[in-house]
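For reference, the structure is listed below as structure tokens.
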Amino acid sequence: MAEKNRVVRIFSGEVETGSAAAFGLAMARRGDGGRGAVVRFLRPQTSGEAGSAVELGIEVYPCDLGSGGKSSAEKGWRTALDLLEARGHDLLVLDGLLDAVEAGFIPLADVETAVFEAGFPVELVLTGHRAPVELVKRADAVVEMLDIKH
2 MAEKNRVVRI
12 FSGEVETGSA
22 AAFGLAMARR
32 GDGGRGAVVR
42 FLRPQTSGEA
52 GSAVELGIEV
62 YPCDLGSGGK
72 SSAEKGWRTA
82 LDLLEARGHD
92 LLVLDGLLDA
102 VEAGFIPLAD
112 VETAVFEAGF
122 PVELVLTGHR
132 APVELVKRAD
142 AVVEMLDIKH
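Residue numbering for the sequence shown is 2 to 151, as defined by my numbering.
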């Protein structure tokens with residue numbers, strides 16, 4: 002069972018604002034003196050929010066899409082597990098992890114174990130287009146981004 006101080010948030014939806022919202026949380030945490038990191042799964046190496054986060058001292062770990070989707074996702078997952086094991090952050094954004102799970106690159110059972118079973122306090126933010134119901138049921142907060150007018 003997850004430790005009481007662990008918070009798991011999911012930002013999902015068909016629009017690209019989940020990543021921006023997750024980066025916003027990391028920036029706010031940094032402004033409050035916390036330490037956050039972002040692991041980007043199946044995302045471009047560079048983006049406006051990633052560049053701004055790095056300038057603020059937030060660690061951003063891009064996974065090279067050029068190496069292929071599955072190997073990129075696996076590299077990101079290893080990075081995320083290493084960061085969780087190191088316990089050096091109070092916020093960890095796993096940007097695009099839900100897409101890597103949906104594509105079959107990262108097993109859902111592995112994500113459930115890492116996200117909900119590790120026994121130390123950390124805030125985790127998972128983003129992607131669709132969240133598996135198994136994660137939604139166990140998360141502390143779930144936000145689905147909706148494009149009403151574009």
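Positions of the beta carbon are idealized from the N, C-alpha and C atoms, including for glycine.
Everything numeric in this text was worked out from a predicted model, so none of it was measured.
- Judged by DSSP secondary structure, residue 80 falls within the alpha helix (DSSP H) whose first and last residues are 70 to 87.
- Here the alpha carbons of residue 114 and residue 135 stand approximately 12 Å from one another.
- Taking a C-beta distance under 8 Å as the contact criterion, residue 60 and residue 21 do not qualify as a contact pair.
- Judged by beta-carbon spacing, residue 129 lies within the 8 Å limit of residue 99, meaning their Cβ atoms are closer than that value.
- Residue burial is scored here from C-beta neighbours: residue 19 has at least 16 other C-beta atoms within 10 angstroms and is therefore classed as buried.
- Spatial neighbours of residue 148 in its own chain (CB-CB distance under 8 Å, excluding positions within 5 residues in sequence) are listed in chain order as 14, 15 and 16.
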